[in-house]
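Student: Residue numbers (the working numbering): 12 to 338. All C-beta atoms in this analysis are idealised placements derived from N, C-alpha and C, irrespective of residue type, glycine included. No experiment lies behind these values; they were computed from the predicted model shown. Please read through the structure below; I'll follow up with questions.
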Ligand code: PBG
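Structural data, given as structure tokens:
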């Protein structure tokens, strides 16, 4: 006689669905969108199969489609022309810049869509860094004042949520202070708080052509500001500091290799935690599926469930549309 048999609750689909602890819904997702200048452009990103850069006219169509599918949050990234790049992100501040126009375009066609914007210098930087480069290093405080101004200009253009992805110290405080001072009390901040110096961002840097360049005295990676993948404790410290400084939502990034961090952070904080399932995670599965080595949809669902099970309240994912089609 066995009093306890775990298989009883696995007998059929109905009972399994009854006892299932985690589920995936369209409202879990933030959809990253890549925007480019021009007209009629829908350009596939070579290292991200079936993912595209859109010009503003086609972005309208895409956003309406997302909304119709029940996807209600987008996170915007812009691909900036090389001739507009400099060391201090001048273009990022322009009221008529691509990001600012993208925000307005989305709000025009789909006013209820939650518009989140990436705030960082790298797409605007000649050097591909998230901070101003001077005296052989990435300048922290000078970068923060620019980031705060960029955030304000996104808020003025109509962004609902500002998402700083740079990892400078104190940027949340500077952004929050300026938004408060200028009356943007309800503009939320989603901080990329535990963002690791990860090699999984490769395809994203292809998408925006924003990879760091060779510089004397400055490493070609982002290890002096993004976190060391070896560290756990630091993730909690960094996240708590961002919350103290006014972050409304915090983030762990990348996803799958950092699920221990997701659990640790969600247990430690009292704000929603986002997970960014990044470009390299997307690319790996697409490649394996293309070769017939993995079942795309099954692995995709398993990975997303794992991220939620680890504690994520929301997931920024390039799979969002694939998932909703499947549900
Ligand atoms: C820019 C930024 C990056 C990502 C989001 N914002 C790249 C980086 O930090 O180098 C990566 C997203 C992805 O790989 O999907 N600061």
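1) Report the three-state DSSP secondary structure of residue 134 (helix, strand or coil).
2) May I have a chain-ordered list of the alpha helix (DSSP H) segments no shorter than 4 residues that lie completely inside the stretch 131-189?
3) In three-state DSSP terms, what is residue 21?
4) Any heavy atom of the ligand PBG within a distance shorter than 7 Å of the CB on residue 182?
5) Can you tell me where the alpha helix (DSSP H) with residue 308 in it begins and where it stops?
6) Below 8 Å between beta carbons: does that hold for residue 138 and residue 224?
7) Could you pull the start and end residues of the alpha helix (DSSP H) that residue 298 belongs to?
8) When DSSP builds the beta bridges, which residues end up paired with residue 65?
9) Rounded to whole angstroms, how far is the Cβ of residue 277 from the Cβ of residue 322, which I believe are closer than 8 Å?
10) Would the beta-carbon of residue 49 be found less than 7 Å away from any heavy atom of the ligand PBG?
11) With distances taken from CA atoms, which of 151, 52 and 168 is nearest residue 103?
12) Check whether the Cβ of residue 131 sits closer than 7 Å to any heavy atom of the ligand PBG, and report yes or no.
13) When burial is assigned at 16 or more other CB atoms within 10 Å of the CB, is residue 239 buried or exposed?
14) Please return the same chain residues whose Cβ sits closer than 6 Å to the Cβ of residue 114, not counting the five positions on each side in sequence.
15) Would residue 267 and residue 314 be called neighbours here (beta carbons separated by less than 8 Å)?
16) Nearest-angstrom Cα distance between residue 79 and residue 263?
17) Which residue comes first and which comes last in the alpha helix (DSSP H) that contains residue 90?
18) If you count every other CB in all the chains shown that lies within 10 Å of the CB of residue 12, and 16 or more means buried, which is it?
19) Based on Cα-Cα distance, which residue from 197, 52, 185 and 33 lies nearest to residue 252?
20) Three or more C-beta pairs closer than 8 Å, one from the stretch 17-25 and one from the stretch 60-71: is that the case here?
21) Taking a contact to mean a Cβ-Cβ separation below 8 Å, would you say residue 207 touches residue 265 in this structure?
22) Check whether the Cβ of residue 291 lies closer than 7 Å to any heavy atom of the ligand PBG, and answer yes or no.
23) Three or more C-beta pairs closer than 8 Å, one from the stretch 85-97 and one from the stretch 56-63: is that the case here?
24) For the stretch 30-49 against the stretch 316-332, do three or more pairs of beta-carbon atoms, one drawn from each stretch, fall closer than 8 Å, so that the two count as touching?
25) Which term fits residue 197, buried or exposed, when burial requires 16 or more other beta carbons within 10 angstroms of its beta carbon?
26) Taking 7 Å as the cut-off, is the CB of residue 57 close to at least one heavy atom of the ligand PBG?
27) According to DSSP, is residue 261 helix, strand or coil?
28) Pop quiz: residue 91 and residue 132 are said to be a contact at Cβ under 8 Å. What is the actual Cβ separation, rounded to whole angstroms?
29) Using the Cβ count rule (16 or more neighbours within 10 Å means buried), how would you classify residue 76?
30) For residue 241, which of helix, strand or coil comes out of DSSP?
31) Hey, out of 16, 36 and 31, whose CA is closest to residue 333's CA?
32) What residue range is occupied by the uninterrupted alpha helix (DSSP H) comprising residue 199?
Tutor: Considering the structure as presented:
1) Residue 134 sits at position 123 when you count from the first residue of the chain shown. Residue 134: helix per DSSP, three-state reduction.
2) 151-168
3) Numbered from its first residue, the chain shown carries residue 21 at position 10. In the structure shown, residue 21 sits in a helix (DSSP, three-state: H, G or I).
4) Taking the first residue of the chain shown as 1, we reach residue 182 at position 171. Not so, every heavy atom of the ligand PBG lies at least 7 Å from the Cβ.
5) Translated into positions along the chain shown, residue 308 becomes position 297. Looking at the DSSP string, the run of the alpha helix (DSSP H) that includes residue 308 is 307-320.
6) The residue labelled residue 138 in the question sits at position 127 within the chain shown. The residue labelled residue 224 in the question sits at position 213 within the chain shown. In contact: residue 138 and residue 224 (Cβ atoms closer than 8 Å).
7) If you number the chain shown from 1, residue 298 lands on position 287. Residues 290-301.
8) For the purposes of this step, residue 65 is taken as residue 54 along the chain shown, with counting starting at 1. In DSSP, residue 65 forms a bridge with 46 and 53.
9) On the chain shown, position 266 is the one that residue 277 refers to. On the chain shown, position 311 is the one that residue 322 refers to. With a Cβ gap of about 3 Å, residue 277 and residue 322 count as contacting.
10) Working through the chain shown from its first residue, we reach residue 49 at position 38. Answer for residue 49: no, Cβ out of range of the ligand PBG.
11) For this step, residue 103 is matched to residue 92 along the chain shown. Residue 168 is the option with its Cα nearest to residue 103.
12) Taking the chain shown and counting its residues from 1, the one referred to as residue 131 is at position 120. Answer for residue 131: yes, Cβ within range of the ligand PBG.
13) As a first step, residue 239 must be located in the chain shown, where it is residue number 228. By the 10 Å Cβ count, residue 239 comes out exposed.
14) Locating residue 114 in the chain shown gives position 103, counting from the first residue. Within the same chain, residue 114 has close Cβ partners 126, 168, 169 and 170.
15) As a working mapping, residue 267 is identified with position 256 in the chain shown. As a working mapping, residue 314 is identified with position 303 in the chain shown. Yes, the pair counts as a contact, with Cβ atoms nearer than the cut-off.
16) In the chain shown, counting from the first residue as 1, residue 79 sits at position 68. In the chain shown, counting from the first residue as 1, residue 263 sits at position 252. When rounded, the distance between both Cα atoms is 28 Å.
17) In the chain shown, residue 90 corresponds to position 79, counting from 1. Residue 90 -> no alpha helix (DSSP H), and no H or E assigned at all.
18) Within the chain shown, the letter at position 1 stands for residue 12. By the 10 Å Cβ count, residue 12 comes out exposed.
19) For the purposes of this step, residue 252 is taken as residue 241 along the chain shown, with counting starting at 1. If we check each option's Cα against that of residue 252, 185 comes out closest.
20) no
21) As a first step, residue 207 must be located in the chain shown, where it is residue number 196. As a first step, residue 265 must be located in the chain shown, where it is residue number 254. Against a cut-off of 8 Å, the Cβ pair of residue 265 and residue 207 comes out as a contact.
22) For this step, residue 291 is matched to residue 280 along the chain shown. Yes, the ligand PBG has a heavy atom inside 7 Å of this Cβ.
23) no
24) yes
25) Residue mapping note: residue 197 aligns to position 186 of the chain shown, counting from 1. Its Cβ having fewer than 16 others within 10 Å, residue 197 is exposed.
26) Looking up residue 57 in the chain shown gives position 46. No, the Cβ of residue 57 stays beyond 7 Å of every heavy atom of the ligand PBG.
27) Residue mapping note: residue 261 aligns to position 250 of the chain shown, counting from 1. The answer is strand: DSSP assigns residue 261 an E or B state.
28) Here the question's residue 91 lines up with position 80 in the chain shown. Here the question's residue 132 lines up with position 121 in the chain shown. Not a contact, Cβ separation roughly 10 Å.
29) Sequence index remark: in the chain shown, residue 76 carries index 65 (1-based). So residue 76 counts as exposed.
30) What you label residue 241 is simply residue 230 of the chain shown in a count that begins at 1. Three-state result, residue 241: coil.
31) One-based indexing of the chain shown puts residue 333 at position 322. For residue 333, the nearest C-alpha among the options comes from 36.
32) Within the chain shown, the letter at position 188 stands for residue 199. From DSSP, residue 199 is part of no alpha helix (DSSP H) but of the beta strand (DSSP E) over 199-206.
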